[in-house]
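Reading through the structure tokens given below for one structure.
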Ligand code: PEP
């Protein structure tokens, strides 16, 4: 039995008021999933302080491919760990598309994150064009393979996020999501069978209170990576409560 996990990705949104509101809301919520919040970096410290007595972890949305040096604007994995992060999102489709991150760079970041003691949340997923061309599984496996060649499975979560479902209001059907999740687990098993059965696989892409329960009820879906709906306390709590 795998522990469920729900991760909030605030992207470039939120403020200190949302930190307070979300923590207060979660403090009085009943939720059997582990919960992680990934705010913009300037709010990490406030969030970490506010969640100290709660069962909520804090994560970064990205980390640098460098550990230190003259790289203005970058944030190292060790720095995230030092301010209390336990997780970091890596390979999000927005980073791949808007910041030209490729599989090699992402694999390097995963290694640095894990060396710093963080759990890397590796995001994978196909574009609409790739899905329509019948290439979904090939694309996802290619995104995974670079990372899986040299990874600490104890510090890895994989999030399947079809690009066409992110922020669009269009969600993969439970069957579509389960099919890819099962294929990911099978593919991971070709690297490490035991790790594959224990690996947390999250679905992301327009998860809302109305569709969370049916998505999370699928055999190979262990929770969600939530963007837009994680900015609304009522919606995020409802999604957290929908886990099996
Ligand atoms: C995301 O960006 O990781 C995401 C899943 O966004 P949304 O829930 O808004 O589709």
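In our numbering, the protein residues as written are 829 to 1072.
Glycine included, C-beta positions come from ideal geometry on N, C-alpha and C.
- Stretch-stretch touch, CB-based, cutoff 8 Å, three pairs: the region 948–966 with the region 975–985: yes
- Query: Given residue 1047, which residues of its chain have a CB within under 6 Å of its CB, disregarding the five upstream and five downstream residues?
  - Reply: none
- Measure the beta-carbon distance from residue 1073 to residue 832 and round it to whole angstroms, keeping in mind my assumption that it falls under 8 Å. No answer is possible for residue 1073: it lies beyond the span of the chain, which begins at 829 and ends at 1072.
- If we ignore side chains and look at the alpha-carbon of each, how far apart do residue 995 and residue 907 end up? 29 Å
- Leaving out the 5 sequence neighbours to the left and right, which residues in its chain are closer than 8 Å to residue 882 when beta-carbon positions are compared? 851, 854 and 855
- Message: If the criterion is Cβ atoms closer than 8 Å, does the pair residue 812 and residue 911 meet it?
- Response: Absent from the model: residue 812. The displayed extent of the chain is 829 to 1072, so no value can be given.
- Would you report the Cα separation of residue 1025 and residue 953, rounded to the nearest angstrom? 20 Å
- N-terminal and C-terminal residue of the alpha helix (DSSP H) that residue 893 is part of: That residue, residue 893, is in no alpha helix (DSSP H); it is neither H nor E in DSSP.
- Name the residue from 1062, 1049 and 836 whose alpha carbon lies nearest to the alpha carbon of residue 1008. 1049
- Query: residue 908 lies in the alpha helix (DSSP H); which residues open and close that run?
  - Reply: If you look at residue 908, you'll find it in the alpha helix (DSSP H) that goes 905–910.
- In chain order, what residues of the same chain have a beta carbon less than 7 Å from the beta carbon of residue 896, not counting five sequence neighbours either side? 904
- Task: Would you decide whether residue 971 is buried or exposed? Buried here means 16 or more other CB atoms lie within 10 Å of its CB.
- Result: buried
- Query: How would you write the range of the beta strand (DSSP E) that residue 885 sits in, first residue to last?
  - Reply: For residue 885, the enclosing beta strand (DSSP E) has its first and last residue at 884–888.
- Per the contact definition of three or more C-beta pairs closer than 8 Å, is the region 1014–1033 in contact with the region 982–994? yes
- Message: By the three-class DSSP mapping on this structure, what secondary structure does residue 849 have?
- Response: Helix, per DSSP.
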